[in-house]
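Quick note, the sequences are listed as chains A and B, same order.
Letter by letter, the first sequence follows residues 7 to 468 of our numbering.
Letter by letter, the second sequence follows residues 7 to 468 of our numbering.
A virtual CB, placed ideally from N, CA and C, is assigned to each residue, including glycine.
A short worksheet on the structure shown next.
Protein chains: 2
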Amino acid sequence: MEEFKTIRELYEACLYGDDILKDSIDGVALEGWIRTNRDNGSIGFIELNDGTYFKNAQIVYNHDLENGDAISHFLSGTSIQVKGRFVLTPNMKQPFEIQATEILLLGNCDLDYPLQKKRHSFEYLRTIAHLRPRTNTFSAVFRVRSILSMAIHEFFQNQGFVYVHTPLMTSTDGEGAGEMFHVVTDEKDPEAFFGKKASLAVTGQLQVEAYCMAFRDVYTFGPTFRAEKSNTTRHAAEFWMIEPEIAFADLEDDMALIEDCVTYCTRYVLENAPEEMEFFDKMICPGLLERLKKFTETPFSKMTYTEGIELLKKAVKEGHSFENPRIEWGMNLESEHERYLTEQVTKGPLFLTDYPKELKAFYMRDNEDGKTVAAVDLLVPGIGELVGGSQREERYEVLKEKMEKRHMNLKNYEWYLDLRRYGTCKHAGFGIGFERFLMFITGMENIRDVSAFPRTYKNLEY
Amino acid sequence: MEEFKTIRELYEACLYGDDILKDSIDGVALEGWIRTNRDNGSIGFIELNDGTYFKNAQIVYNHDLENGDAISHFLSGTSIQVKGRFVLTPNMKQPFEIQATEILLLGNCDLDYPLQKKRHSFEYLRTIAHLRPRTNTFSAVFRVRSILSMAIHEFFQNQGFVYVHTPLMTSTDGEGAGEMFHVVTDEKDPEAFFGKKASLAVTGQLQVEAYCMAFRDVYTFGPTFRAEKSNTTRHAAEFWMIEPEIAFADLEDDMALIEDCVTYCTRYVLENAPEEMEFFDKMICPGLLERLKKFTETPFSKMTYTEGIELLKKAVKEGHSFENPRIEWGMNLESEHERYLTEQVTKGPLFLTDYPKELKAFYMRDNEDGKTVAAVDLLVPGIGELVGGSQREERYEVLKEKMEKRHMNLKNYEWYLDLRRYGTCKHAGFGIGFERFLMFITGMENIRDVSAFPRTYKNLEY
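As structure tokens, then:
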């Protein structure tokens, strides 16, 4: 039984009908933390979790054990080593149990341990972010976070994309309009270290474009920062972004890549975290699995912003009530409008394209109509915007004029303009807010509950 | 020929003897950038690179083409589309060529393009960091950087490790002695945003320990920051780190994991970037492939710091000359000492263990001798220190006393001490500086040449 040292290995052997696994096997040794410990006088049951698997292993112990009475007083949270006999229990709720021959105390748990059996609110658990991954919900969230990360890397690397680590300390403002954090070593002399002002990156896109012009297909996956004071369930001061960029590609290619990417990653999580996803479906967001399955199977629709506005106007005329019913071309769509289009009109994922250029960043490509840019937002039911992308302005003169109109300091962006002077080509890319994607997949509703140690306005614990 | 749209696909089909690939095939269409273009009057040759593969495709064109004369004036750096006929050329240097039937100009390249045919110094190329990935050397470096990143994720995820994104903006100083960058929104009121002082993380270890106590095996892979003014070839203000942490594990388990990890990742790169690695071996660091092969095949040696000191003393006595020959127990080994031990004594990778506790961080576990801690550095020939790790102090009282002795503000670390009160267990971990690992694998000698946009003292371009 040397091969089985973790609870995951035992469960997987049961699931996949491993031949090595007989009805019972002596000599199992596990280490882990007690989730619950109950004792009916002569026999006791420990739910043991060792972190390798979502579910616990049931440990059965007898008071006959040398330290049997002591064991029955082990508290939730205690770490122990268990030796014993593995027994298949086909008629029970759990597929197997461990009949303990020895239980060794490794680390006591103090009486004030906050994770007692009762259910805690997410608000409360945020105040003990160092302990909450020991609960079912956050164990599921953060394993899925890890698996989703891997899905992203596999998706891009399998297609030859080059992963680029763009810098986080930067002297440019990638979105051209930013609430940025400053980086200093001396508040009285903010330029002391770098000899110029330094900020934390809000995007890696500009820099990754330089790599796109060398490697054709590239992506970033790393942290970004916004000094936003808004206190919503969807905004954080520090979050991770995925930013792919593809050369010799237009908005159509971009949309095809977005669709491939988000459906691949969603399927990957469904396949690789079945216990966790089942838990979310049952306990966090009923209907989640059905929604995700549909998401991966429905072809995404396409519609221009202008068509979207017409449909929204029509909806208002026909009596649909929006909080903001003043629909007019040029407006920034709000979440209710986006959700109407994806939930009521296309009843599935929707690419909304070709936005008024005033609404979008300077680097997006001007369309021929003179009014719109080749931008795209992916809207999904239940969430609204999940991905934002665009074809980039690859024409030197057009880009320069756009930047001048926005009064940008061209000197700081000379290198970016260079990319349009030396073998420019049409290219496109997009950005996915990783936490938002994770919320979409898990059904969790607050960004603070999908970041390990969330950073928001007035909150910097740990 | 629809399946082959990139130069990588064509090379791989040649390499793996793809059946689809006949001696010649019409209808190939490629897009890419001209590396060189030479013309002998009636026939011309373009070396085309499309970023998908290290090597170029040779395009042969005839002046008979509609725009034949124009083509012969296309400059290096120009982006083009090529249509034509793929022909195997078994007797030539390159395995195939494309006989162009049509060459379309996509993006001109201005005359001042800095990447002309001649060889440029790395120093010069650092000043055009947005263009250098278009050169052979940096194309190789940054594809290997991407592949090495994937190797790390595969290594850990294949074993069930959970990837944790630890926060970058933090209120604690993980190394207990830091040159940290501060994060502010208003220099006059540095605490305006978070209500307390914020710094950029120098490590994610403390936070990832909390996750280790929930998931057993975890790792981080993300950026870290040091406001170091030192201007060396090995230090940068922003770099990436890998920090695994394993529960129910001691220093021996830690060393086994380090050895597995670095040899797995090295082999992975050798297998997945053969052209790039051959290039480094030939052009950058002769003997590199031999050194790496040996590295992956030689079992790592182990030696205590105390034994190391004795051997160094003996070496001095026997006439070996060090720049610093004053060897005494308690000293910080310098690179020359580390390299002597790994290059002259063990002639292979060496784990040096059990350092004087004064030299190491507060969180390392006290050994029974009262003088040393359960720390380990991995020393490798040609480099010196590659990895640093330790078993962590898991005993609440011992850890608290260590922190008090160092006058740390315990209030900030209460959550970290909690991990020792609620089901503590022995655990260990290590840190790999990703850029240093990349330098070891590629033979590149300056950290500025393995970071896409390096950040160092007084340098914050792009």
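Within chain A, the residues that residue i reaches when beta carbons sit closer than 8 angstroms
| i | result |
| --- | --- |
| F161/B | Going along chain A, no residue has its Cβ under 8 angstroms from F161/B, so there is no contact; the nearest lies around 12 angstroms. |
| T172/B | A458 and F459 |
| P229/B | H171, L174, G228 and P229 |
Alpha-carbon spacing of residue i relative to residue j, whole angstroms
| i | j | result |
| --- | --- | --- |
| I13/B | L384/B | 40 angstroms |
| E108/B | E72/B | 8 angstroms |
| F199/B | I104/A | 51 angstroms |
| K464/B | E197/A | 9 angstroms |
| V471/B | F436/B | The displayed coordinates of chain B run from 7 to 468. Any statement about residue 471/B would go beyond what the structure contains. |
| E282/B | L295/B | 11 angstroms |
| M7/B | F92/B | In this prediction, M7/B has a pLDDT of 43, which is less than 50 and means its spatial position is unreliable; nothing more can be read from the coordinates. |
| P173/A | Q211/B | 21 angstroms |
| T191/B | F231/A | 12 angstroms |
| K99/A | D256/B | 35 angstroms |
| T448/B | H159/A | 22 angstroms |
| H188/A | V189/B | 6 angstroms |
| C291/A | S341/A | 20 angstroms |
| Y422/A | M309/A | 31 angstroms |
| V147/B | K299/B | 19 angstroms |
| M409/A | A157/B | 40 angstroms |
Coil, strand or helix - residue i by DSSP
| i | result |
| --- | --- |
| D455/A | helix |
| D287/B | helix |
| S85/B | strand |
| K411/A | helix |
| A63/B | strand |
| S341/A | helix |
| C431/A | coil |
| R240/A | coil |
| F245/B | strand |
| I52/B | strand |
| M7/B | Note that M7/B scores a pLDDT of 43, beneath 50, so its modelled location is shaky; the value from the coordinates is reported in the next line. Looking at M7/B - three-state DSSP - the assignment turns out to be coil, as it is neither helix nor strand. |
| Q100/B | coil |
Per-residue contacts from residue i into chain B (C-beta, under 8 angstroms)
| i | result |
| --- | --- |
| Y270/A | Going along chain B, no residue has its Cβ under 8 angstroms from Y270/A, so there is no contact; the nearest lies around 16 angstroms. |
| D424/A | H136 and L137 |
| L58/A | In the sequence as displayed, the identity of residue 58/A is Thr instead of Leu. Correct list: G166, F221, R222 and D223. |
Pair within 8 angstroms by beta-carbon distance, residue i and residue j
| i | j | result |
| --- | --- | --- |
| E391/B | R371/B | no |
| T348/A | V382/A | no |
| A242/A | R140/B | no |
| F301/A | L356/A | no |
| V351/A | I333/A | no |
| I49/B | N68/B | yes |
| L466/B | V456/B | no |
| A279/B | R132/B | no |
| A76/B | G90/B | no |
Start-to-end residues for the alpha helix (DSSP H) that takes in residue i
| i | result |
| --- | --- |
| Y400/A | The amino acid occupying residue 400/A in the given sequence is Glu; Tyr does not appear at that position. Note, E400/A: premise wrong, no alpha helix (DSSP H); not H, not E. |
| W421/B | E420 to R427 |
| M445/A | F440 to T448 |
| G74/A | G74 to I77 |
| I158/A | N142 to N164 |
| T272/A | L257 to N278 |
| T172/A | Here T172/A belongs to no alpha helix (DSSP H), and DSSP marks it neither H nor E. |
| A19/B | I13 to L21 |
Enclosing beta strand (DSSP E) for residue i [first to last residue]
| i | result |
| --- | --- |
| A380/A | T378 to V386 |
| V322/B | Run containing V322/B: none in the beta strand (DSSP E); it sits in the alpha helix (DSSP H), Y311 to K323. |
| N43/A | S30 to D45 |
| V224/A | D223 to F231 |
| L361/B | In the sequence as presented, Leu is not what sits at residue 361/B; that position holds Tyr. Its beta strand (DSSP E) spans residues L356 to P362. |
Chain-ordered chain B contacts of residue i [CB-CB under 9 angstroms]
| i | result |
| --- | --- |
| T465/A | The residue asked about is misnamed: residue 465/A is Asn in this sequence, not Thr. In chain order: F200 and G201. |
| V204/A | Here residue 204/A turns out to be Ala, not Val, going by the sequence shown. Simply F187, R461 and L466. |
| S177/A | L466, E467 and Y468 |
Proximal residues of chain B, C-beta to C-beta of residue i below 7 angstroms
| i | result |
| --- | --- |
| T430/A | S85 and G113 |
| V168/A | F148, R149 and S152 |
| S145/A | A220 |
| A157/A | Near A157/A there are no residues of chain B at all, since even the closest Cβ is about 10 angstroms away, more than 7 angstroms. |
| A233/A | T191 and F199 |
Closer than 9 angstroms at the beta carbon, the chain A residues around residue i
| i | result |
| --- | --- |
| V190/B | F187, H188, V189, V190, E193 and P196 |
Proximal chain A residues relative to residue i, where beta-carbon distance stays under 7 angstroms
| i | result |
| --- | --- |
| W39/B | G429 |
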